[in-house]
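Residues in the sequence shown are numbered from 165 upward in steps of one, following my numbering.
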Amino acid sequence: MSMAMIQDTSGQDVQLRPNTHRKMWYWLAAAVVALLLVFFLISQWRQVANTDMTVSRSAIRIATVERGDVQRDLSVQGKVVAANSPTLYSTAQGIVTYQVKAGDKVAKGQLLAVVDSPQTTSELKQQQASLAQLQGQQAQQQITAKRDLLQKQQALDLAQVDLIAAKRELARNQEARRNEIISDRDFQRSKDELARAELVATQSQTSLALAKQSASYEAQILQQQIRAQELLVAELQRQSDTLNVTSPVDGMVGSLSQAQKAAVPAYQSLLTVVDLSGYEVEVMVPESYADDLTLNMPVEISSNGTVYPGEIAAISPEITNNQVVARLRFTGAVPEQIRQNQRLSGRILLENRLNVLRLPRGNFVDSDSGRSAFVVQGDTATRVPLSLGANGFSYVEVSTGLQAGQQVIISDTSRFKDANSLLLTN
């Protein structure tokens, strides 16, 4: 094949003109994007320039100011103590014999221990014998007094009979003397007999009255002696009865103070009994809240996830280590299986504020002592001054500085202490 016969493809090619309009649109779109990017960068630069720090939203907590109730309360920790835990003592020197062991449940009036005191028993018997002797003397004195009074009454009766006879004899002698039947001597003798009879009758009556007074006085003295002896015997009997130590309450034996069959002096502690029906929670309250506490103030006591109602039963008048001791009492049901010295938590309801501006409680309260907060507007947060009111467990009251609907950073802002504005990023 010869070279003349080979032809090129120029006859098949089509010449195209360049599309200048499409290229122009490409360049225009690129310019718009670049311009928007420049504007965005400028706005970001302005935001960064107008703020002190940049913070990620995921690193903070934001809440909205709203209206609602705020309970000003105080969270406390304490331990369970027995409201009534009496300690029982020996009333006399002797040998103690325990009838129970530590941890035993006991009923009111149950015998817990016996103190064998020969001295008390012997003294009681001696004083009982003395009382019986005085009572015998009283019976003898009553018989003697009756006999003496009977003799005095008999003497008075005889004197009155003699007086009546003397008067009758004088009347007869007066008539006989008038008729000159008897001598003047006999008549005068009858007058003397009447005077003597009157004197004996008067003395007999006086003697009877004195005998009655003497018998009454002696009876009173003897009765007083018997009463004093009865009191002494009653006291010794009480001491003897208390040698049998019984439980004053329904509860549990806390601890034994002495060994079995130990010799104990008088007024020595023997054991303690814990009243299981009267548990309280002893808590320590900071001194700054001491003036806010009052008796019967409502509280909530938590045990195993359950909240039990209660009230303040007692407040210590003393301050120890900048704290005040208070006791919380259950007003309703008591937790089951509660034990002495068990740790429980409580919440003292100091105040209830109704329909106030509030924020969820957060660490921002402690960051600047609640004097400022960051208000969020878009992508920026600005520090504003504020004052807080009631400080509750879940919410805090906003007194001034914020309005309902505003968003506020409630997380810890201590790391922003030198910043007044923040830029929030996603």
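Even for Gly, the Cβ is constructed at its ideal location relative to N, Cα and C.
- Measuring C-alpha to C-alpha distances from D280 to each of V409, Q352 and A477 identifies V409 as the nearest.
- Around E394, the same chain offers L295 as residues with beta carbons nearer than 8 Å, after the five sequence neighbours per side are excluded.
- For I465, the enclosing beta strand (DSSP E) starts and ends at P462 to S467.
- For the options T261, V548, R525 and R311, the alpha carbon positioned closest to that of R535 is the one of V548.
- Shown here, R353 sits in a helix according to DSSP, grouped into three states.
- Annotated three-state conformation of D543 is coil, per DSSP.
- Taking the CA atoms as reference points, A568 sits about 54 Å from V438.
- Straight through space, the alpha carbons of V325 and R349 are spaced by roughly 24 Å.
- Only residues of its own chain outside the window of five on either side were considered, and among them L514 have a CB closer than 7 Å to the CB of D456, listed in chain order.
- In the displayed model, G300 falls within a helix according to three-state DSSP.
- For L372 and Q299, the gap between their C-alpha atoms comes out near 26 Å.
- At the C-beta level, I479 and R493 stay beyond 9 Å of one another.
- Residue burial is scored here from C-beta neighbours: M416 has at least 16 other C-beta atoms within 10 angstroms and is therefore classed as buried.
- In this structure, I476 and G526 do not form a Cβ contact; the two beta carbons are roughly 29 Å apart against a cut-off of 8 Å.
- Beta-carbon to beta-carbon, V560 and R522 are separated by about 7 Å, close enough to satisfy the 8 Å threshold.
- For P429, the three-state secondary structure derived from DSSP is coil.
- Bounds of the beta strand (DSSP E) holding D233 are E230 to A246.
- Here R517 has D233, V234, Q235, R236, G553, A554 and E561 as same chain residues with Cβ atoms under 8 Å from its own Cβ, once five neighbours each way along the sequence are excluded.
- Restricted to the stretch 442–497, not a single alpha helix (DSSP H) segment is unbroken, complete and at least 4 residues in length.
- For T458, the closest C-alpha among the options V489, G469, A329 and V428 is that of V489.
- Under the 8 Å Cβ criterion, the stretch 275–292 does not count as touching the stretch 330–343, having fewer than three qualifying pairs.
- Counting of Cβ neighbours within 10 angstroms places I465 among the buried residues, the total reaching 16 or more.
- Taking the Cα of L238 as reference, the smallest distance to any Cα among Q377, S509, A246 and G418 is reached at S509.
- Straight-line spacing of the CA atoms in E287 and Q401 works out to 10 Å.
- Between L435 and L252 the beta-carbon gap is near 6 Å, inside 8 Å, which marks them as a contact.
- Closest by C-alpha distance to Y472, out of I307, A247, Y262 and R511, is R511.
- Between K310 and the set A375, L275 and F351, the nearest pair of CA atoms involves A375.
- The C-alpha of E230 is placed about 39 Å away from the C-alpha of L200.
- Where V219 is concerned, the enclosing beta strand (DSSP E) starts and stops at M217 to S220.
- Of the candidates M217, R221, V197 and Y190, R221 places its Cα closest to the Cα of T589.
- Contact check for S531 against L550 fails: the beta carbons are separated by 9 Å or more.
- Comparing alpha-carbon positions, the option among Q369, S380, D405 and L566 lying closest to T284 turns out to be D405.
- Taking a contact as a CB-CB distance under 8 Å, the pair G496 and N248 does not count as one, their CB atoms being some 19 Å apart.
- Within 10 angstroms of the beta-carbon of E444 lie 16 or more other beta-carbons, which makes it buried.
- With 16 or more other Cβ atoms inside 10 Å of its own Cβ, T255 counts as buried.
- Out of V240, S419, E382 and N486, the CA that lies nearest to the CA of Q504 is found in S419.
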